[in-house]
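Take the position in the sequence shown, starting the count at 1, then add 711; the result is the number in the numbering used here.
Structure, as structure tokens:
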Amino acid sequence: MADTPIVLVDGSSYLYRAFHALPPLTTSSGQPTGAIKGVLNMLKRLIKDYPDSPMAVVFDAPGKTFRDELFEQYKAHRPPMPDDLRSQVAPLHACVRALGLPLLCIEGVEADDVIGTLARQATEAGRDAVISTGDKDMAQLVNGHITLVNTMKDETLDVEGVKAKFGLEPALIIDFLALMGDKVDNIPGVPGVGEKTALGLLQGMEGGLDAIYGDLERVATLDFRGAKTLPKKLEAHRDQAFLSYQLATIKTDCELPVGLDDLDIAHPDREALLELYREYEFKAWLAELLEGKDQGVDDVAGGSATPDAAEADGAGSSAAREDQVILEQEALDAWLARLQAAEAFCFDLETTSLAYMEAEIVGVGLALQAGEAAYIPLAHDYLDAPAQLDRDAVLAALKPLLEDAGKTKIGQNLKYDISVLASHGIAVAGPLEDTMLESYVLDSTATRHDMDSLALKYLGEKTVSFEEIAGKGAKQLTFNQIALEQAAPYACEDVDITLRLHGELRPRLAKEGRLAEVLETIELPLVPVLSRMERTGVALDPERLHTQSRELEGRIRELEARAHELAGREFNLGSPKQLGQILFEEQKIPVIKKTPKGAPSTAEAVLEELALDYPLPKVIMEHRGLAKLKSTYTDKLPRLVNKATGRLHTSYHQAVTATGRLSSSDPNLQNIPIRTEEGRKIRQAFIARPGYRIVAADYSQIELRIMAHLSEDRGLLEAFAEGRDIHAATAAEVFGVPLEKVSGDQRRSAKAINFGLIYGMSAWGLGRQLHIERNQAQTWIERYFDRYPGVARYMERIRAQAAEDGFVETVFGRRLYLPEIHAQNRARRQGAERTAINAPMQGTAADIIKRAMIDVDAWLQAGEIDAWMVMQVHDELVFEVADAQVEAFIEQVKGRMQAAAALSVPLIVEAESGANWDEAH
712 MADTPIVLVD
722 GSSYLYRAFH
732 ALPPLTTSSG
742 QPTGAIKGVL
752 NMLKRLIKDY
762 PDSPMAVVFD
772 APGKTFRDEL
782 FEQYKAHRPP
792 MPDDLRSQVA
802 PLHACVRALG
812 LPLLCIEGVE
822 ADDVIGTLAR
832 QATEAGRDAV
842 ISTGDKDMAQ
852 LVNGHITLVN
862 TMKDETLDVE
872 GVKAKFGLEP
882 ALIIDFLALM
892 GDKVDNIPGV
902 PGVGEKTALG
912 LLQGMEGGLD
922 AIYGDLERVA
932 TLDFRGAKTL
942 PKKLEAHRDQ
952 AFLSYQLATI
962 KTDCELPVGL
972 DDLDIAHPDR
982 EALLELYREY
992 EFKAWLAELL
1002 EGKDQGVDDV
1012 AGGSATPDAA
1022 EADGAGSSAA
1032 REDQVILEQE
1042 ALDAWLARLQ
1052 AAEAFCFDLE
1062 TTSLAYMEAE
1072 IVGVGLALQA
1082 GEAAYIPLAH
1092 DYLDAPAQLD
1102 RDAVLAALKP
1112 LLEDAGKTKI
1122 GQNLKYDISV
1132 LASHGIAVAG
1142 PLEDTMLESY
1152 VLDSTATRHD
1162 MDSLALKYLG
1172 EKTVSFEEIA
1182 GKGAKQLTFN
1192 QIALEQAAPY
1202 ACEDVDITLR
1212 LHGELRPRLA
1222 KEGRLAEVLE
1232 TIELPLVPVL
1242 SRMERTGVAL
1252 DPERLHTQSR
1262 ELEGRIRELE
1272 ARAHELAGRE
1282 FNLGSPKQLG
1292 QILFEEQKIP
1302 VIKKTPKGAP
1312 STAEAVLEEL
1322 ALDYPLPKVI
1332 MEHRGLAKLK
1342 STYTDKLPRL
1352 VNKATGRLHT
1362 SYHQAVTATG
1372 RLSSSDPNLQ
1382 NIPIRTEEGR
1392 KIRQAFIARP
1402 GYRIVAADYS
1412 QIELRIMAHL
1422 SEDRGLLEAF
1432 AEGRDIHAAT
1442 AAEVFGVPLE
1452 KVSGDQRRSA
1462 KAINFGLIYG
1472 MSAWGLGRQL
1482 HIERNQAQTW
1492 IERYFDRYPG
1502 VARYMERIRA
1512 QAAEDGFVET
1522 VFGRRLYLPE
1532 IHAQNRARRQ
1542 GAERTAINAP
1552 MQGTAADIIK
1562 RAMIDVDAWL
1572 QAGEIDAWMV
1582 MQVHDELVFE
1592 VADAQVEAFI
1602 EQVKGRMQAA
1612 AALSVPLIVE
1622 AESGANWDEA
1632 H
């Protein structure tokens, strides 16, 4: 079939595009599948369009490439892959293989380079090549034998197509990218040269970069705006331009472990596809496969990823809703009167930024009943925007309503709106109803609780996304730039959908155990507490962090030199390929685990195990840890300090973790290491303002105490009631020695047992952690259960309960659903059982500290004491307290935190003060 083209698929490009372009989908267990389905749709279409063509699907390999060596900042601005996308990569690879398509993932180069090399080989062999991609950079490869196809846009580009689209020959696309740069890949280009200027240069000079730099004087004579000043810019950034040319050039001479003969037409594995379609709940494809059809291809270019979404497309449109745009005082007065008479109303701010400290209010959406909404534009400033009501006057009119403690406020992610309004002197009060939190409490295992996802899931409606009205990327408009013809229906839809979701979710919560109580007594009262804590922020000492960065840099260089010494040669410590070669080929270290491609793994867990016996992996692990500490904290934290407040303001998230614990971002305070000296030094940079002290109050062994309460084990209850050292007490029981003769090593082993068992650790895991044989670890576990039989009974009881109910609950009634509890796969089922044992403890601990935060915040707001709550990290609350009141504060805060729950064992809080966070421990 030498007359059929070779089809090369840019899997990485389609993966990202499918993730961002298609509606989010998840399985009943919460596994995201939208990107998987989008890419598979595209592949099915290609197989249908090119049934006799050999194919390959190419993905970027993890790790650095040769471009990173050319330019350290290459792709540096790219955010990390979203977790919802990362979790879809391995399943997608499995699906591609099950379709019978070769999957290529080559280290050291990008997918573009692999595709470019195979395309060149095809043309040299007299074959045509079709590259399926959505990446504009690939246009440089187009020639008489190579064509681009974008199935998501139904676009085909041959030589003439490239000319029509870009205004240039394919051979000049690299020069084009080199001049204007590429923000996505962080290719610098020439500053001041944008798309139009680059196009003018290349068209006017009738040649590429060499022609331009060979005659800079002629550049000044070209007939387009700004040409006269270009020679100076071009000369000043000559090296940068040619570096950008190298970065933008797709390699077509890569050494690949495969060739054209390794490509093949699709040979689907029916049994593998059946299993995957069942696992990822692709019901239509599963039905087709079972019926022997499997011919259907969803219309990816046309939009919907699910029949439900397609059918619902018009259901939530503005045509079915009565929208009002309020531009006149009379109309505003009418709505104010209605709001005044109402017991509850839904509102939503439209702003210029998702970061509340930077956001400017552009408008306000209001709703009182489903199917009717109003939008008050306040700061739309595009050309020809209509006159709008004065923002300050409107906010002043809304202020009494928002601050009315007798009126219920309904919203989606109300913490954001509360924080933005606080900057305008409005303190939102009264009962809150938040649809994001209603969804989260109803089922915390669902991966998304955003309005668009909830509308699709609970109302069967596809909402208008922000990107649909604002665009994407660098050219995305802010809300103030969006015309009212688009902005008003979008804003009205927001409040209408939110109000309708509230009407759908609240009744569901009322029917499910004590979930309504969890929402009303824990999650909703916590919203203003978190808003206050975020806005307060914490003081930081940047100089201390700069000093630590320099110290870490020196230590990192020492470790790199030591690694080279141990390896006997220099190598890139960040290259899995080079590291694997040294460890397993040159140093003959045993291979513990292999990658899916069959190469020896150098993953962190593998190196951690090897580090117990071999010096080089130990050095690599230390190097990685310090490098991460430096990049994530000592380098980054000073840049996050807010210039206006001079303080660090993290963002706390209530609707992320399945167990109910808070998470934080920008920065993530939950992950600052505390077990190493370097990690503790970071805490030294968290300081108090002059005249104040940092107080850290931490629940002591809270999860073990919850275990004692839940298991009702007599031994644990007595140990805690008598105030004994629980780890020493466990050591005495397990090792059969008097309490006073427990050694330090025995106590450390008992601590590992205590914490390991509540996380479902096996004998193998315990043995690995303590560096002992599995049989010995098993003996210790059995002895533990002999001494604490109530714990064993609790674990057995909770497994059975989880299997019967499909969920477990905290002491306060929060639920964690366990869809995998009946999984046929043994490993997945056992994972769900471990979660069933641990979740009630983690979730109860989360509930307790949230209850404590609510009570402590109310006390602080009363103004009896000069103190602020500034951080929450795991089981710890951090405060900034006036010097003279520290002692009295500690006494009271301990009492309040210890009273947050009434367990059958005492809750103990340890609190200390210091000039910084580390000293307060």
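Beta carbons are placed, not taken as given, at the ideal position from N, Cα and C, and that holds for glycine.
In this structure, does DSSP put Phe935 in helix, strand or coil?
In the structure shown, Phe935 sits in coil (DSSP, three-state: anything other than H, G, I, E or B).
How many whole angstroms separate the CB atoms of Arg1425 and Gly1501, which I take to be in contact at a CB cut-off of 8 angstroms?
6 angstroms
Would you check if the distance between the CB atom of Val1249 and the CB atom of Phe1397 is smaller than 8 angstroms?
In this structure, Phe1397 lies closer than 8 angstroms to Val1249 by Cβ.
So the beta strand (DSSP E) Met1582 belongs to, where does it begin and stop?
1578-1584
In this structure, how does DSSP classify Glu917 when only helix, strand and coil are distinguished?
coil
Please determine if the segment 926-945 and the segment 909-918 are in contact, where contact requires at least 3 C-beta pairs separated by less than 8 angstroms.
Enough Cβ pairs lie closer than 8 angstroms, so yes.
Please state the DSSP three-state secondary structure of Met766.
DSSP, reduced to helix, strand and coil, places Met766 within a strand of the structure shown.
Secondary structure of Thr834, DSSP reduced to three states
It is helical.
Who are Lys1120's beta bridge partners in DSSP?
Phe1056, Leu1143
Pick out whichever of Asp980, Tyr1086, Gly1141 has its Cα sitting closest to the Cα of Pro1111.
Gly1141
Let me see if you follow: with CB-CB separation under 8 angstroms, is His1482 close to chain B or not?
Absent from the structure: chain B. Only one protein chain is present.
For Gly1122 versus Asp1128, is the C-beta distance shorter than 8 angstroms?
yes
Distance between beta carbons of Glu1271 and His1334, contact taken as under 8 angstroms:
6 angstroms
Rounded C-beta distance between Glu776 and Val807? I'm assuming under 8 angstroms.
Going by the sequence as given, residue 776 is Thr instead of Glu. At roughly 22 angstroms, the Cβ-Cβ gap does not stay under 8 angstroms, so Thr776 and Val807 are not in contact.
Evaluate the contact criterion for the segment 1604-1623 versus the segment 1394-1413: three or more CB pairs, one atom per stretch, below 8 angstroms.
yes
If you draw a straight line from the C-alpha of Ala1338 to the C-alpha of Asp824, how long is it?
29 angstroms
Contact check, Asp1115 vs Thr1209, beta carbons under 8 angstroms:
no
Taking the CB atoms as reference points, tell me whether Asp1577 and Gln1603 lie closer together than 8 angstroms.
no
On the criterion of 16 or more Cβ atoms from any shown chain inside 10 Å, does Lys894 qualify as buried, or is it exposed?
Lys894 is classed as exposed because its beta carbon has fewer than 16 other beta carbons within 10 Å across all chains shown.
Contact under 8 angstroms by Cβ, Tyr1528 with Asp1161
Cβ atoms of Tyr1528 and Asp1161: not closer than 8 angstroms.
Report yes if the C-beta distance between Arg728 and Met863 is below 8 angstroms; otherwise report no.
yes
What does the Cβ neighbour count give for Ser724, buried or exposed, with the cut at 16 atoms within 10 Å?
Ser724 comes out buried.
Between which two residues does the beta strand (DSSP E) containing Gln1247 stretch?
Residue 1247 is actually Thr in this sequence, not Gln. No beta strand (DSSP E) holds Thr1247; the alpha helix (DSSP H) holding it covers 1235-1247.
When we look at the beta-carbon of Asn752 and count the other beta-carbons within 10 Å, is it buried (16 or more) or exposed?
buried
Of the listed residues Leu958, Cys965, Gln784, Leu927, nearest to Glu818 (C-alpha basis)
Cys965
Identify whether Phe730 lies in helix, strand or coil by the three-state DSSP scheme.
Residue state for Phe730 is assigned as helix, using DSSP reduced to three classes.
Should the segment 1551-1564 be regarded as contacting the segment 1409-1428, the criterion being three or more beta carbon pairs within less than 8 angstroms?
yes
Specify whether the segment 1357-1364 and the segment 1236-1251 touch according to this definition: at least 3 beta carbon pairs, one from each stretch, less than 8 angstroms apart.
For the pair of segments examined, the segment 1357-1364 was found to touch the segment 1236-1251: the number of CB pairs separated by less than 8 angstroms reaches three.
Give the straight-line distance between the Cα atoms of Met1068 and Ala1202, rounded to the nearest whole angstrom.
Taking the straight line from one Cα to the other gives about 21 angstroms.
Could you give the residue range of the beta strand (DSSP E) that holds Ala1078?
1072-1080
Buried or exposed: which applies to Lys759, given that a residue is buried once 16 or more other Cβ atoms fall within 10 Å of its Cβ?
exposed
Quick check on Lys1305: does DSSP put it in helix, strand or coil?
In this structure, Lys1305 counts as strand in the three-state DSSP scheme.
C-alpha gap between Gly1025 and Glu1172, whole angstroms
Below a pLDDT of 50, predicted positions are generally treated as unreliable, and Gly1025, at 34, falls in that range; the measurement from the model is reported next regardless. Computed Cα separation, rounded: 8 angstroms.
Gln1035 by DSSP, collapsed to three states: which one?
strand
In chain order, what residues of the same chain lie with their CB nearer than 6 angstroms to the CB of Gln784, ignoring the 5 residues before and after it?
Asn897
Helix, strand or coil at Thr828 [DSSP, three-state]
helix
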